[in-house]
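Step one of this worksheet: look at the structure below.
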Amino acid sequence: MAEVLVLVELNPADGTVRKGTLEALTAARALGEVSAVVAGGPGVAAGVREQLAEYGAARVYVAESPEIDEFLVAPKAEVLAQLVQQVSPAAVVIPSSPEGREVAGRLALKTGSGFLTDVTEIAPDGTATQVIFAGAQIVHSRVTTGTPIYTLRGNSVTPEPAPAAAEEVPVQVQLSEQAKQTRVVDKVVEMKSNRPELTEASIVVSGGRGVASAENFAIIEALADSLGAAVGASRAAVDSGFYPHSFQVGQTGKTVSPQLYIAVGISGAIQHRAGMQTSKTIVAVNKDAEAPIFELADFGVVGDLFQVVPAATEQIAARK
Numbered sequence: 001m002a003e004v005l006v007l008v009e010l011n012p013a014d015g016t017v018r019k020g021t022l023e024a025l026t027a028a029r030a031l032g033e034v035s036a037v038v039a040g041g042p043g044v045a046a047g048v049r050e051q052l053a054e055y056g057a058a059r060v061y062v063a064e065s066p067e068i069d070e071f072l073v074a075p076k077a078e079v080l081a082q083l084v085q086q087v088s089p090a091a092v093v094i095p096s097s098p099e100g101r102e103v104a105g106r107l108a109l110k111t112g113s114g115f116l117t118d119v120t121e122i123a124p125d126g127t128a129t130q131v132i133f134a135g136a137q138i139v140h141s142r143v144t145t146g147t148p149i150y151t152l153r154g155n156s157v158t159p160e161p162a163p164a165a166a167e168e169v170p171v172q173v174q175l176s177e178q179a180k181q182t183r184v185v186d187k188v189v190e191m192k193s194n195r196p197e198l199t200e201a202s203i204v205v206s207g208g209r210g211v212a213s214a215e216n217f218a219i220i221e222a223l224a225d226s227l228g229a230a231v232g233a234s235r236a237a238v239d240s241g242f243y244p245h246s247f248q249v250g251q252t253g254k255t256v257s258p259q260l261y262i263a264v265g266i267s268g269a270i271q272h273r274a275g276m277q278t279s280k281t282i283v284a285v286n287k288d289a290e291a292p293i294f295e296l297a298d299f300g301v302v303g304d305l306f307q308v309v310p311a312a313t314e315q316i317a318a319r320k
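Okay, here's the thing in structure tokens:
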């Protein structure tokens, strides 16, 4: 069976495997036998082998060196390029995070390979599904040059366990001088709330211009907390100063694809739709019955969000 490489991404706070990696391991099984690639400082792979085995990694290539963490993404791209040359995999699958996309682009150049980004599905014949033109079109593409490289959009695939051996294979790290041109001088772990990370959450509650103020976003947060959801915001809400830019969902913000997306006070401009329309179920709350968001929504509530949202939060809390 053909071998497929999956680059492992870890949570910086605790070193656990990120959900996007588990999704990539699941998606990669369509193409062949999955091998995980763990690249980082000494000891980085020690605590993750069990989880990688649970989600289908037949082998775990372990590339550990202080230099990998001392420099930006170039060392990881070189490690992957070295493995592609050594094992001739059928494909490489990488989570579509900001770092993952950069690693994939560098790897494509190093190996002379085709690269498909932000895919939502990978078929056994290598055909990938992508949503393009701000969500207006769905296309199916295949790589015809070199080793196919894919980055997988978060929440496109449900992680499914498939126990495997996860045999550890050490990789000798030999970095070029070119990979050492940009050094990391400091790392700061961002303080996180108890809410899920926006791009990995299975439920997202987003507020728009209709929320009217930063103070009123408290009702969005309350609904999100009652559901165990992440909080998002439209570009209009962010530009108005209602919520931080890091929570923006849309074409110029983050792309999410949760099981449930609740859009509150969001009109549904194409800029916002591009970042959330692949959500499995969409619920919209807006007082304007003609708002474009209702064209996309599976369920819509026409009403005053300041009445609807607190009432929904109260009902959810009462059922717990």
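Per full-length UniProt numbering, residue 1 is the first one in the sequence shown, and the count goes up by one each step. Positions of the beta carbon are idealized from the N, C-alpha and C atoms, including for glycine. Bear in mind that the values here come from a model prediction, so they are computed numbers and not experimental data.
Where residue i falls: helix, strand or coil (DSSP)
i	result
alanine 291	coil
phenylalanine 217	helix
glycine 232	strand
serine 226	helix
isoleucine 68	helix
serine 193	coil
lysine 180	helix
Beta carbon of residue i nearer than 8 Å to that of residue j
i	j	result
valine 283	aspartate 304	no
valine 60	glutamate 168	yes
alanine 237	glycine 268	no
leucine 175	glutamate 78	yes
glycine 232	valine 211	no
Span separating the alpha-carbon of residue i from that of residue j
i	j	result
glycine 265	valine 285	6 Å
serine 97	valine 17	14 Å
glutamine 315	glutamine 259	20 Å
residue 322	valine 103	Outside the modelled stretch of the chain, which goes from 1 to 320, sits residue 322, for which no answer is possible.
aspartate 118	valine 171	28 Å
Where the alpha helix (DSSP H) containing residue i begins and where it ends
i	result
glutamine 172	Element bounds for glutamine 172: n/a, residue is neither H nor E.
histidine 272	270-273
valine 84	74-87
alanine 24	19-28
alanine 53	49-54
Strand pairing of residue i, partner residues [DSSP]
i	result
leucine 7	Val37
tyrosine 150	Val93, Leu116
leucine 109	Note: leucine 109 sits in no beta bridge, so no partner.
asparagine 286	Val302
serine 141	Ala128
glutamate 121	Thr129
Endpoints, the beta strand (DSSP E) within which residue i is located
i	result
glycine 300	299-302
glycine 207	203-207
leucine 198	No beta strand (DSSP E) holds leucine 198; DSSP gives it neither H nor E.
Closer than 8 Å to chain C by CB, residue i
i	result
glutamate 197	Although the question refers to chain C, the structure presented lacks it and comprises just one protein chain.
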